[in-house]
Structures are given as C-alpha cells and as structure tokens.
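Number of protein chains: 2
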Amino acid sequence: MLPEVLQTIDSRRHQSVSALTEFLSIPSVSTKPDHAADMRRAAQWLADQLKFACLDVSVMPTGGHPAVVAKNRHQAGRTTVLLYGHYDVQPPEPLGLWTTPPFEPTVRDGAIYARGAADDKGQVWAHVEAILAWQAHGGPPVNLTLLIEGEEEIGSENLEAFVAKHKADFAADIAVVSDTNQFARGVPSITYGLRGLAYMEIFLTAASHDLHSGLYGGAVPNPANVLSELLASLHTSDGKVNLPHFYDEVLELSQAERQMWEGLGFDEAAFARELALPFLSGENGFTTLQRKWARPTCDINGLTSGYQGPGAKTVIPAQASAKVSMRLVPNQDPAKIAAAFEETLRERCLKNVQIKFARHGLAPAALVPIDSAAMKLAAEAVAAGFGKPPIFMREGGSIPVVGLFKKELGVDTLLVGFGLPDDRIHSPNEKLDLECLFAGSRTAAVLYERLSHLPRRDKSLPVLPARTR
Amino acid sequence: MLPEVLQTIDSRRHQSVSALTEFLSIPSVSTKPDHAADMRRAAQWLADQLKFACLDVSVMPTGGHPAVVAKNRHQAGRTTVLLYGHYDVQPPEPLGLWTTPPFEPTVRDGAIYARGAADDKGQVWAHVEAILAWQAHGGPPVNLTLLIEGEEEIGSENLEAFVAKHKADFAADIAVVSDTNQFARGVPSITYGLRGLAYMEIFLTAASHDLHSGLYGGAVPNPANVLSELLASLHTSDGKVNLPHFYDEVLELSQAERQMWEGLGFDEAAFARELALPFLSGENGFTTLQRKWARPTCDINGLTSGYQGPGAKTVIPAQASAKVSMRLVPNQDPAKIAAAFEETLRERCLKNVQIKFARHGLAPAALVPIDSAAMKLAAEAVAAGFGKPPIFMREGGSIPVVGLFKKELGVDTLLVGFGLPDDRIHSPNEKLDLECLFAGSRTAAVLYERLSHLPRRDKSLPVLPARTR
Numbered sequence: 004m005l006p007e008v009l010q011t012i013d014s015r016r017h018q019s020v021s022a023l024t025e026f027l028s029i030p031s032v033s034t035k036p037d038h039a040a041d042m043r044r045a046a047q048w049l050a051d052q053l054k055f056a057c058l059d060v061s062v063m064p065t066g067g068h069p070a071v072v073a074k075n076r077h078q079a080g081r082t083t084v085l086l087y088g089h090y091d092v093q094p095p096e097p098l099g100l101w102t103t104p105p106f107e108p109t110v111r112d113g114a115i116y117a118r119g120a121a122d123d124k125g126q127v128w129a130h131v132e133a134i135l136a137w138q139a140h141g142g143p144p145v146n147l148t149l150l151i152e153g154e155e156e157i158g159s160e161n162l163e164a165f166v167a168k169h170k171a172d173f174a175a176d177i178a179v180v181s182d183t184n185q186f187a188r189g190v191p192s193i194t195y196g197l198r199g200l201a202y203m204e205i206f207l208t209a210a211s212h213d214l215h216s217g218l219y220g221g222a223v224p225n226p227a228n229v230l231s232e233l234l235a236s237l238h239t240s241d242g243k244v245n246l247p248h249f250y251d252e253v254l255e256l257s258q259a260e261r262q263m264w265e266g267l268g269f270d271e272a273a274f275a276r277e278l279a280l281p282f283l284s285g286e287n288g289f290t291t292l293q294r295k296w297a298r299p300t301c302d303i304n305g306l307t308s309g310y311q312g313p314g315a316k317t318v319i320p321a322q323a324s325a326k327v328s329m330r331l332v333p334n335q336d337p338a339k340i341a342a343a344f345e346e347t348l349r350e351r352c353l354k355n356v357q358i359k360f361a362r363h364g365l366a367p368a369a370l371v372p373i374d375s376a377a378m379k380l381a382a383e384a385v386a387a388g389f390g391k392p393p394i395f396m397r398e399g400g401s402i403p404v405v406g407l408f409k410k411e412l413g414v415d416t417l418l419v420g421f422g423l424p425d426d427r428i429h430s431p432n433e434k435l436d437l438e439c440l441f442a443g444s445r446t447a448a449v450l451y452e453r454l455s456h457l458p459r460r461d462k463s464l465p466v467l468p469a470r471t472r
Numbered sequence: 004m005l006p007e008v009l010q011t012i013d014s015r016r017h018q019s020v021s022a023l024t025e026f027l028s029i030p031s032v033s034t035k036p037d038h039a040a041d042m043r044r045a046a047q048w049l050a051d052q053l054k055f056a057c058l059d060v061s062v063m064p065t066g067g068h069p070a071v072v073a074k075n076r077h078q079a080g081r082t083t084v085l086l087y088g089h090y091d092v093q094p095p096e097p098l099g100l101w102t103t104p105p106f107e108p109t110v111r112d113g114a115i116y117a118r119g120a121a122d123d124k125g126q127v128w129a130h131v132e133a134i135l136a137w138q139a140h141g142g143p144p145v146n147l148t149l150l151i152e153g154e155e156e157i158g159s160e161n162l163e164a165f166v167a168k169h170k171a172d173f174a175a176d177i178a179v180v181s182d183t184n185q186f187a188r189g190v191p192s193i194t195y196g197l198r199g200l201a202y203m204e205i206f207l208t209a210a211s212h213d214l215h216s217g218l219y220g221g222a223v224p225n226p227a228n229v230l231s232e233l234l235a236s237l238h239t240s241d242g243k244v245n246l247p248h249f250y251d252e253v254l255e256l257s258q259a260e261r262q263m264w265e266g267l268g269f270d271e272a273a274f275a276r277e278l279a280l281p282f283l284s285g286e287n288g289f290t291t292l293q294r295k296w297a298r299p300t301c302d303i304n305g306l307t308s309g310y311q312g313p314g315a316k317t318v319i320p321a322q323a324s325a326k327v328s329m330r331l332v333p334n335q336d337p338a339k340i341a342a343a344f345e346e347t348l349r350e351r352c353l354k355n356v357q358i359k360f361a362r363h364g365l366a367p368a369a370l371v372p373i374d375s376a377a378m379k380l381a382a383e384a385v386a387a388g389f390g391k392p393p394i395f396m397r398e399g400g401s402i403p404v405v406g407l408f409k410k411e412l413g414v415d416t417l418l419v420g421f422g423l424p425d426d427r428i429h430s431p432n433e434k435l436d437l438e439c440l441f442a443g444s445r446t447a448a449v450l451y452e453r454l455s456h457l458p459r460r461d462k463s464l465p466v467l468p469a470r471t472r
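As they're listed, the protein sequences go chains A and B.
Here our numbering is used: the first residue of the first sequence is 4, the next is one more, and so on.
Here our numbering is used: the first residue of the second sequence is 4, the next is one more, and so on.
Quick look at the structure:
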C-alpha cells in the first residue's frame, strides 16, 4: 500500500502548496493579544482540513489559545502515535526586512516564503498531506492522535495543564514532533538533543518620571545605566554566563559525541559568511557546533528605555527593561536557573532602583539515545522519504513538549524535522524549501507505516528529558 | 516711565496667559520631522505677536527650522541687548503620564501645564509681554534684537552658521537668555554657570538579520549583549566616567564656591522625596549640588534593540542602539570628549560587531564672574521683578548659545531664568507657575531699563565660556 500512498503524495504537490499557502496567510501570532481572532481562525482552518482527512477533530479550549486535537478511528492492537506540532508563529517584525510580506506566502526559487513556513505550519502540513494520502488508500496503519497547539511560541504555558487534564486522550506508544531542521541541504537528519529555555524579563524603575538629564544628571540613578551594568554582569570576559552555580549541573559532552560531531564537517566559514559576520564568537574553548548544541547561553532578546525616536532627547528615563533568555543544556534545572537569575540580579542592582521580573517560559533540555527501536524505524522512514539515510544531530532550540510528554504521559518523542538551517525561522524572510515539504510528507507517510511495527510501549530505550521537572 | 510699564504688565495678566496658551498649543517638536509644519506655524505665530509689539520681524531660514529675528527701532548711543530664546520644545512622550494633554495648555493650582511651558516658550513670552508693555509707553529704552530659534532641543545645529552669516545683525553689547531656573520657589536666582554637552548615538550591527536564539545562540555575537557591555564600561564602580583623560581638564570647585553652595541650604531629602527615590546616588565624594552643577556625567537617554512587544520572542537582534549624552563642566572640550568616546568604544567593541556613531550636539560649559557690571544690573532687575534680591547659582543643563555668542559676536550673556526646579521640563506634566510668568515679565521690563545704563561694550568682566570651541 505504501508505494501507492507515496505516489498520491507526489501527485498532489500542487495542491499541497496551495493548501499550505492558505494556512500561512493567517497571521496567527500568539504573543500579540490583537491576533486572538487570527489564532481562532488558524485553529479552525486546520481543523477543517483534518475533518476532510476523515479525522475526528476538536478545537479545544486550553485557558489560552485553543489546541487542535484529532484522531483517526483507533483500533485495538495497533501502535498509537501522538503527533505534536503548533499552528502559532513568531511576530514577523521587523517588517521592512521582508522581501515579500510575511503573511502573503510567495513561492520563489523553489521555496515558499512566509512567517511560519518552516516553524511550524509547513512541517505540520507535511504530516497532514501524508494523512490525506493514507486516507485515500484505506487510512494510516497506526492509531494517530494529533495535538497541534497555539502557544508554542509563547512558552506553551497552558499545555502542561491541558495534557494533564486530558491524559487518557493522549495515551500513546510514541510521540513524533516535526519542528526541527536537517543538518544541511542534502543531509537528512534526526535530532536527538535539544536545549532548554528560561526566558526572563527585567523591569527597572527609578524616579517617578522622566527627568531632564542636565538638571538631574549626576544626582539621581539612571535605570538605563543600571540595566546596562546588570546585563553586562551576566557574562565573564571569556564568554561564560556569570551566575552562581550556572554550570554546576551541565552535562559535559562525551568523547564519542565530540567525534561524531567532528565527522559532520560543519563549515564554520560558510556559516559565518551566510550571516555576513567576519568571524564567529562565543564561549571560549568550544567549537561552534558545541556552543550551539551543547553549551548554555544568555542572550538579550529586547532592550527598551527612554527616547527611541530620531534625533536627541536629553532625558533620564524613569524606566528601563530587557528581555533575556537563557538556553539550557541537559541536567540544568530551568526553575533553579530562573530563581538564581532573579536573586543574583536583585543583589547586584543599585538599591535606589526598583527591580521586577517576569518569566515568559521555562523548559528543560532533552537528550535522546540514538539506538532505540523507535529511532531505528524513524531513520528508515527518513531514508525512504529523503532518499538518503539520516545523520544524528542535536539542535540548539527548545521544544518543551518533549519533557512534558515524558512527564505526563510517559511517552518518548522522535524529533524528525524537515527544515533547513537557512530557513530563517524567527527572522525576516522565513521559508521552507518545497523539496523539504514534499520529502517531509513522504517521510511522514513511511514513518506511520514503520511505527506500526514498533514494539508497543517500548520503554527499554526511552527518550529521556535530561531531568523531569 | 518704569512704574507705568510695570502697571501695564500687571493689568494684562489675563491676556498674557491667554496668549501663552495659544503659543503652547502649537506642537513645535523640533526633533520630529513630521512636525515641520508645526514648527513653521509656531515661528509665524510668534512673529505676528512681535509685529503687534511694533517690532521689525523676519522669519529667517537657517538650513533647519527657521529662526524668528526681531528688532525695535535702534537708536545710536543706546545699549543694544540681544535677547535669545527658543520656540521649539522636547517631544512630549510618554503621553500616558500627562494629567492633561501636552499641547492642550491647562491652568491649575496657579500654574500652566503644557510641553514648553517653562522650556522655553513661557520664558520667551515673559519677555514679549515686557516689550508690549514698554511699547505702550514709548518703547523700550534699549535697542532690542530678538533671536528666537527653533532648534535648541536638537542641539542648535544650524545656529552657529546662521549667527556667523548675519553677524552684523546681531551685534550687541550684552545678551540675555531666560531659559534657566530659580533655585527654589521664593528664591529668585541668577545662573552663573552651565554644563556643556556631548550627545552621542551608538549603532551596533552583527549578523545580517535577526536570528533564532535557540539555533544561533552561543555561536554568534549578540549586539544587544555587546551594547550592554560597552555602556556598562562607561562607568567605574565609584560612579566616575570611564573614558581616558575624561577628567584631565575638569575645573575643580573653589573653596569660596563650595561655601556659597553650602549656604544655599539644599534639602537633599526633599529633593529625593519629590522624585520618589529612597535616596540619591552618583559619583562618590561629592554633594548632590556639586554633582548636578559642577561634575560631568554620562547618561543613557535611550535604548533600542530586538523585540519590544508584549511577551516573548526568542530572537538575537541584528541591531542594537543607544543614545548617550555626557554633561560637561568648565574646561572640558566637547569635541575632544566626543572623539575619545568614539575611539574608546570602538576599541572596546567586539571585532565582529560593526559600530557606528552619530553626534546630536556638542556644547562647551560656561562660567560667568558674578561681580561684573552687567550682573549687578541684572541682580537689580530680578530684585525689582521678584521683590527679593537673587542668589547666584549654577545649573546642570546646557545652553550652547552662550559659547556661540562669545565666539561669534564677542558678546557676554546674562542667564536670568524665571522657572522653578519642579517645572518638570523635558518630562510629563511640564508647567510654569503663573507668578513666575508675571514676575518674569516685570524682571524683563526692569532689566531693559537697567541695561540702558550699561557701559557700552563692557569687556572688563566678561561672560566667559570656559573655553572657546
């Protein structure tokens, strides 16, 4: 049956792009309150497509943006596969840097350009196409449960409670997530490690109102000066994160992993060139791949204070704020790191400046043994879908759901991603290569077939979040 | 004649407030290009009032916003007084903190609230009222030349060339500027020292576009991190500005000045309380008045980078920028300081991050001997206008025109200000007390009369800019 399914996928390429274009046209930016209606529209659009694929679909409330949950007709004795993705996208700003508008999907040079093309609507759509194709030939040979959420880009804040509440609905033998990259074009990949995240915001307030920098300068604390000092204090001169006990639990790389990564032939010069950087930089003593995949970071994501218009305003701002996120590695505890961040900055802060914090998402890192039964089946699917066996890589991003599924459902996750490193996710001109979309659908179709052979509840070689929260 | 002039001023209080309300209603924000028409409207409105006072008025192009230039009928043998002010105002943001809108002037509790009320439209208007009153009684007893510019809040960039080009038109025996404060309510004051200014902007660029902080974090330079480090490097831990040779030329306070300032009885606790600060802070080893009036500073006026909306965006910004201004004291050279700022930060900057600079205004500090003939006449005028002899103070702000008039015209400047320290200039809820407006007009009227007795071109005790640029 599989050859026919793959042939159906190949014959529907035009329709696949056309449907994805519709999906990408909906500006489902989860972080912005004024896009709430777009979020509901995107969820409903996806639900309608899944209904067309003969699935039983619900758009379910979560306390935040709704989740789309769908199942084929489950049959006893079959492997149950939980497929996770997200229909929300990052904000598209800065708009001026997009060649074509972020929510007017455009195909050029063999890729579709739009916010969400790779992260994650395009990868979700690759699966939907696979399901549609299977449906045309009697349905997938596994029990499928789809959970497509709307809050991944804002830290999946309601997902844990939602999954916990509907545990029975999400019972599964294995989970599949397609929200990662291949290592390079022509190098299909399976991801076995992810970094975690602790996303913080700092708010400083000094005087009750903005002050004239001539009349008051020198006499009063300037929260923008203080913010700079606090932020600068977050790193040592050799590029390490300067918080107490930050590295205490960091899992060091094994010799075997170092060697495997060296064998990938990562081209640092090409990587720098693509970003228009004269050279790369970061924590001393590690290669670029090691810094991206296995070392924790602390990056400022946003700075706001005082006058931001053209020209000059001689003002001492009353307030200053920064968004700061730390990527975490296996064994680091996000809650502990977040607490240390707050406590340390509070201590370092000038005592006549008020400091407050917000947390925008905590997630532990994840690490997966590469020799499990499920991994082997996934590798066969990628080989069939992309025409070449995959390599095994880690990725620097965070997919909090991996830890969550392990904790709440006892289910391990396969990270089978179809994107490419130059897809510019979270950046202007995000895209997905159409060849990746089509190979992704083929891979998904084969994966359902292969996973039908998975020993049920194979717990011997589990997907391990580095630490259960 | 003077008693009649003062009586006219007193009888026109209502009209004075009404006219000032019109002036303040025009949003003449010089730094914002979209207010160019408002700038022209404000200049024309002022020109119309001065014409009504029988002055010969021109709205003159400058290369930037126009300047309003006006003269009464000059007579040989009379003292010529050059009166300088500005009709442009600071941006009103943040708008949400104004009790009443910044360009809808409102009188409450004996003060008029609007952007520009004290800085500088209200003080300019105090003079116009004095001229109107004199005009009703035969005209002022001096040759008046008014130069009211539209670019003071953006560093008076075109003023130097404008004054140099029209030198003959601005020839004068003495200049008068009313753009400063009294020391406190009930303590009329003459300002004998001002700080200078070097207003810089820093622009950092790293990668060619915003990057995903998971996929790239740790591998690439983050310009927001680098900016924080550069800005933090601008101060030492004891609050000194950390640029090479920054303090080399700083004129230290004399013992006599220290004692005079101690005698002013500045209430640090009340000052902190008014700003809602638990305590004050700044450079170690100096009193608050010393830090405000006689010590140089370095304050961040604006910070911009990355995502500034609500919630989280996991982005490594491609760009980061900061507006930073240094207040300078007598003998510091603004051009030398600006160059050292740029050179030092360029050196300190990570070499795979591009750094660029803009300069938004350079001005030297000014210091005036308090025992000149002109100062004595000004003190008599303030005593008559406010009913109490003035004290002598410095101020922390910058009025670049003082150095400019000395350099281009060889003319010294009297700083006779009518504002109060709590006028919140450059802040939300800027105001001018009506009693200050009226006393200001009286002071101006008396000042013209007193200056008619000034020995012409009294160069023996000049107003000294600390250093000619």
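Ideal Cβ placement from N, Cα and C applies to all residues, glycine included.
Where residue i meets chain B, residues with beta-carbon distance less than 7 Å
i      : result
A/V318 : N304 and H429
A/H77  : Result: empty, since nearest Cβ-Cβ is about 34 Å, beyond 7 Å.
DSSP three-state assignment for residue i, whether helix, strand or coil
i      : result
A/P465 : With a pLDDT of 41 at A/P465, under the threshold of 50, the modelled position of this residue cannot be trusted, and the question is left open.
A/D59  : strand
B/R472 : Because the pLDDT at B/R472 is just 26, under 50, the model does not fix this residue reliably, and the value given afterwards should be weighed accordingly. Coil, per DSSP.
B/N228 : helix
B/A222 : coil
A/S324 : strand
B/F289 : coil
A/M4   : coil
B/L150 : strand
Contact list for residue i against chain A, beta-carbon separation under 9 Å
i      : result
B/K54  : By Cβ distance, chain A contributes nothing, its closest Cβ being about 31 Å from B/K54, past 9 Å.
B/N355 : A275, L280, P281, F282, L283 and S284
9 Å Cβ cut-off: residues of chain B touching residue i
i      : result
A/G285 : G220, G221, A222, V223 and P224
A/H215 : Q93, D122, G399, G400, R427, I428, H429 and S430
A/A323 : I303 and L306
Neighbouring residues, chain A, relative to residue i (Cβ below 8 Å)
i      : result
B/Y310 : P94, E96, N304, G305 and K326
B/K295 : L218, Y219, G220, G221 and A222
Cβ of residue i within 9 Å of any chain B Cβ
i      : result
A/S211 : yes
A/V466 : Unreliable positioning characterises A/V466 in this predicted model, as indicated by a pLDDT of 42, which lies under 50. A coordinate reading is not provided.
A/K35  : yes
A/G314 : yes
A/R330 : yes
A/I90  : Per the sequence shown, the amino acid found at residue 90 of chain A is Tyr instead of Ile. So, not an interface residue.
A/Y451 : no
A/N245 : no
Per DSSP, the bridge partner or partners of residue i
i      : result
A/H215 : A/V318
B/N184 : B/G422
B/K359 : B/F206
Residue i: contacting residues in chain A (beta-carbon distance under 7 Å)
i      : result
B/I193 : The premise fails here: B/I193 is roughly 17 Å from chain A at the closest Cβ pair, so nothing lies under 7 Å.
B/S231 : S231, L234, A235 and I303
is_contact[residue i, chain A] using C-beta, thresh 9 Å
i      : result
B/N228 : yes
B/Y250 : no
B/A187 : no
B/S21  : no
B/T300 : yes
B/N161 : no
Worksheet item: Quick one, which residues of the region 357-376 of chain B are near chain A if we go by CB-CB under 8 Å, in chain order?
Response: H363 and G364
Discussion item. Beta carbons nearer than 8 Å to chain B: which residues of the region 376-402 of chain A have them?
Written reply: E398, G399, G400 and S401
Worksheet entry | Where the region 130-157 of chain A meets chain B: residues whose CB sits under 8 Å from a CB there | E156 and I157
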